[in-house]
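Student:
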């Protein structure tokens, strides 16, 4: 009993302790890094979706770094080195994050600082391997929108699809099929993408309606299962939207044709067919 | 009192021989065009019969005319839900087969066919598709009871009869029919005008002719449904509807309409009536059996000084009022109560009136003998070959009284004339027949004259149209001064 209380106390105290590393105050750009960068990058904790940024301020010129942070789209296609990196990191393109010059300078300073001192730049993460069936089921409900996000964000299915959702007409086609997103982003990356999405559109949609850690965990559990193909085959009846529309339209036409079937039958032809007896 | 002038018609059915000259005259003048081939603005149908289009009187199917509902009178075919559900999909329209698919023959094959062992033949082809077709129907397919068990037996007016009466009607020895020529009735309360969503249909103020503006028509075809007589037609070539215009260009130049002018039986009469438009609402709200009387009550006496003053105050020209005084229609409809509206129960106040045919029993067959001796000259109304109930369904909105009166008055007139010419009837009987129908000897003479002897200008009293006044209402005629007259249709060619 006492041991458990001790462990719990340590767990709660841990982030406070690490954030207060060194002189006790985190670097002023930590928040920016956590929301905008940490979903793909770490400083000294190894590669995630994108490369580890430790020591990058020494390897690259500040101008290049500033451009890369501020508007990566300018370099992604033109700079051969960046293209090589892109190929290395699964062709996941770094989005333009909409940062101003001040924030960019702060981030460069943070990377330089944290390359030498240990910083706490990612929130604590509950690994998806801890998830049980129930979590994945909750995640599926959140994905489909049968359960609501606490902060009122729209359900994933509005834009995304996962093969084998079990939903009649499948998910949305506005954004990527995220069946294998777990493989692309990894557990950390996925958590960050869910809670602090740096993709411009998702950022806009979820900026004011962030997901809670529990919701992100449930979704990760669901997407982890999806990635492993656990749901394959569950979507036997899954139809594309155009196909469903077509079938619906045909059904409506058949209904109308039945309802108004007497419309063009005429009078004389019926009379003659019935030999003059009232039909 | 809101006095208006209406050009009105009487068809004397006792004189119609079913020759279709009227129809052909109309067809040649107005509907011999692409898209209008199937239209017969004037048609003649055999009664009993289903007519043209087939069973047009069956409003269960076609939803024409007005009916009493919600404490008032409204179009049978409208309603918020019904209207919205059928706006693009009207189920109450006749299809082309109900009129008939118009056809012609490949006459040129008779001349141009290559030499062969057989005579060349002119094949029937559709005037719509141009393809060879099998002719299955026509606008007078049941003429003279042709196809009787199919067409005549399904006349909706026979519903008024008991099944014994119906059976008796189709015994070979008793077979009976008459002709019913029909044109647009130019109703005082036209359902077509009421139904048109585009405002294309209108009733001319000066003479009550109902016209359809070809520039306003959007082809909704609500008028086709709404007209209980099915006298508006959809032109598939122009995508607009058309109807009888009562030959107004002829009327405006003082000529009778083509169908009137050409009628060989001289059954048609035309003249204007003065009527009180204030009474329309009351007249159409009456129960069915009062409708004929209510419509007759709307018609005003053109000799009444109060009516004349009100008519003058309403802008009617003196010569229009004078024409109404000479109108043969006024005499047949109002003075003599001989002419009756067709299917008044649809509450459109049709302004074409019919003198119902007598159809007396003239002989009987018994023991193999064809016996032409009869007890009484022309028999009694109730023994006539078409039951009164049937006639009442057509001309009395179900009420036998006005039809009985019209038939008895005709009979009295005939008895009177028989007495005058051959003097072989009991004088007391003749006098009784006249007095029972409020007919004086002078009136009987007048009826006889207008029925049998009337020349052209007594049958057609066409009021002056005063188009000059109508035109002045629409614009300043001085605008066109000096712009009309003779000119060159093509520029003169000079030199070579």
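Chains as they are written, first to last, in the numbering used here: chain A, 379 to 657; chain B, 88 to 583.
All C-beta atoms, glycine included, are put in the ideal place defined by N, C-alpha and C.
#1: Since residue 649 of chain A meets chain B, which of its residues come closer than 8 Å, beta carbon to beta carbon?
#2: At a CB-CB cut-off below 9 Å, which residues of chain A make contact with residue 184 of chain B?
#3: I'd like to confirm the pairing. Which residues does DSSP put opposite residue 134 of chain B in its beta bridges?
#4: Below 8 Å on the Cβ atoms is my guess for residue 232 of chain B versus residue 239 of chain B; work out the distance and round it to an integer in Å.
#5: To test your reading of the DSSP string, which unbroken alpha helix (DSSP H) runs of 4 or more residues are found completely within the segment 184 to 238 of chain B?
#6: Who are residue 452 of chain B's beta bridge partners in DSSP?
#7: Provide the residue(s) that pair with residue 280 of chain B in DSSP beta bridges, ordered along the chain.
#8: Where in the segment 373 to 419 of chain B do unbroken runs of the alpha helix (DSSP H), each at least 4 residues long, occur, reported from the N-terminal end onward?
#9: Would you say residue 452 of chain A reaches chain B, if we count a Cβ-Cβ gap shorter than 9 Å as a contact?
#10: Would you please state the rounded distance, in angstroms, between the beta carbons of residue 425 of chain B and residue 276 of chain B? I believe it to be under 8 Å.
#11: Using a Cβ-Cβ distance under 9 Å, would residue 487 of chain B count as near chain A?
#12: Can you tell me which of the three DSSP states residue 440 of chain A falls into?
#13: Taking the alpha-carbon positions, what's the residue 473 of chain A to residue 416 of chain A distance?
#14: List, in order along the chain, the chain A residues whose C-beta lies closer than 7 Å to that of residue 178 of chain B?
#15: Please confirm if residue 224 of chain B has its CB atom under 9 Å from at least one CB of chain A.
#16: Under the rule that 16 or more other beta-carbon atoms within 10 Å means buried, what is residue 511 of chain A, buried or exposed?
#17: Taking residue 653 of chain A as the query, report the chain B residues whose CB atoms sit under 9 Å from its CB, ordered along the chain.
#18: Between the segment 290 to 309 of chain B and the segment 364 to 377 of chain B, do at least 3 Cβ pairs fall closer than 8 Å?
#19: Using the C-alpha atoms, what's the distance from residue 130 of chain B back to residue 107 of chain B?
#20: Name the chain A residues that come within less than 7 Å of residue 148 of chain B, Cβ to Cβ?
#21: Quick check on residue 430 of chain B: buried or exposed, where buried means 16 or more other Cβ atoms within 10 Å of its Cβ?
#22: Threshold first: 3 residues or longer. Then list the beta strand (DSSP E) segments lying entirely within the segment 315 to 364 of chain B, N to C.
#23: If the criterion is Cβ atoms closer than 9 Å, does the pair residue 211 of chain B and residue 198 of chain B meet it?
#24: Using beta-carbon positions only, say whether residue 428 of chain B and residue 408 of chain B come within less than 9 Å of one another.
#25: How is residue 555 of chain A classed by DSSP in three states: helix, strand or coil?
#26: If you count every other CB in all the chains shown that lies within 10 Å of the CB of residue 471 of chain A, and 16 or more means buried, which is it?
#27: Taking just the CA atoms, how far does residue 588 of chain A sit from residue 582 of chain A?
#28: Using a beta-carbon distance below 9 Å, is residue 614 of chain A in contact with chain B?
#29: Out of B/133, B/113, B/135, B/134, which has the shortest C-alpha to C-alpha gap to residue 125 of chain B?
#30: Under three-state DSSP, which class holds residue 539 of chain A?
#31: Please confirm whether residue 379 of chain B and residue 484 of chain B have their CB atoms less than 9 Å apart.
#32: Of the choices A/433, A/481, A/584, whose alpha-carbon is the least far from that of residue 448 of chain A?
#33: Report yes if the C-beta distance between residue 560 of chain B and residue 294 of chain B is below 9 Å; otherwise report no.
#34: Would DSSP call residue 146 of chain B helix, strand or coil?
#35: Would residue 642 of chain A pass as a contact of residue 215 of chain B if the rule is Cβ separation under 9 Å?
#36: Decide if residue 644 of chain A is buried, meaning its Cβ has at least 16 other Cβ atoms within 10 Å, or exposed.
Tutor: So, from the data block:
#1: Going along chain B in sequence order, the residues near residue 649 of chain A (Cβ under 8 Å) are 137, 141, 142, 237, 238, 241.
#2: Close to residue 184 of chain B, with beta-carbon spacing below 9 Å, are these residues of chain A in chain order: 644, 645, 646, 647.
#3: The partner list for residue 134 of chain B (beta bridge, DSSP) reads B/265.
#4: Contact flag correct, Cβ pair sits at about 5 Å.
#5: The qualifying runs are 195 to 199.
#6: According to DSSP, which records beta bridges pairwise, residue 452 of chain B is partnered with B/457.
#7: None, per the DSSP bridge assignment.
#8: Runs of the alpha helix (DSSP H) lying entirely within the segment 373 to 419 of chain B, each at least 4 residues long, are 378 to 385, 392 to 400, 405 to 413 in chain order.
#9: Closer than 9 Å: no.
#10: Rounded to the nearest angstrom, the Cβ distance from residue 425 of chain B to residue 276 of chain B is 23 Å, too far for a contact under 8 Å.
#11: So, not an interface residue.
#12: Reduced to three states, the DSSP call for residue 440 of chain A is helix.
#13: Cα to Cα, the separation comes out at about 13 Å.
#14: Against chain A, a Cβ distance below 7 Å from residue 178 of chain B picks out 638, 640, 641.
#15: Judged by the 9 Å Cβ criterion, residue 224 of chain B is in contact with chain A.
#16: Classification for residue 511 of chain A: exposed.
#17: Taking a Cβ-Cβ cut-off of 9 Å, the neighbours of residue 653 of chain A in chain B comprise 236, 237, given in sequence order.
#18: Segments in contact, no.
#19: Rounded to whole angstroms, the gap between the alpha carbons of residue 107 of chain B and residue 130 of chain B is 7 Å.
#20: The answer, in chain order, is 645.
#21: Under this definition residue 430 of chain B is a buried residue.
#22: Whole beta strand (DSSP E) segments, 3+ residues: 319 to 322, 327 to 330, 355 to 363.
#23: Judged by their CB atoms, residue 211 of chain B and residue 198 of chain B are not nearer to each other than the 9 Å cut-off.
#24: Cβ atoms of residue 428 of chain B and residue 408 of chain B: not closer than 9 Å.
#25: If DSSP states are grouped into helix, strand and coil, residue 555 of chain A belongs with the strands.
#26: Of the residues assessed, residue 471 of chain A falls on the exposed side of the cut-off, its CB having fewer than 16 other CB atoms within 10 angstroms.
#27: So the two alpha carbons sit approximately 11 Å from each other.
#28: Any reading at residue 614 of chain A needs caution, since the residue's pLDDT is 44, under 50, leaving its predicted position unreliable; the model's value is listed next. Not a single CB atom of chain B sits nearer than 9 Å to the CB of residue 614 of chain A.
#29: Looking at the Cα atoms, B/113 is the closest of the given residues.
#30: Of the three classes helix, strand and coil, the one that applies to residue 539 of chain A here is strand, per DSSP.
#31: Going by C-beta atoms, residue 379 of chain B is nearer than 9 Å to residue 484 of chain B.
#32: Closest option to residue 448 of chain A, Cα to Cα, is A/481.
#33: Contact check for residue 560 of chain B against residue 294 of chain B fails: the beta carbons are separated by 9 Å or more.
#34: DSSP places residue 146 of chain B in helix when its eight states are reduced to three.
#35: Cβ distance not < 9 Å, so residue 642 of chain A and residue 215 of chain B don't count as in contact.
#36: Within a 10 Å sphere around the beta-carbon of residue 644 of chain A sit 16 or more other beta-carbons, which makes this residue buried.
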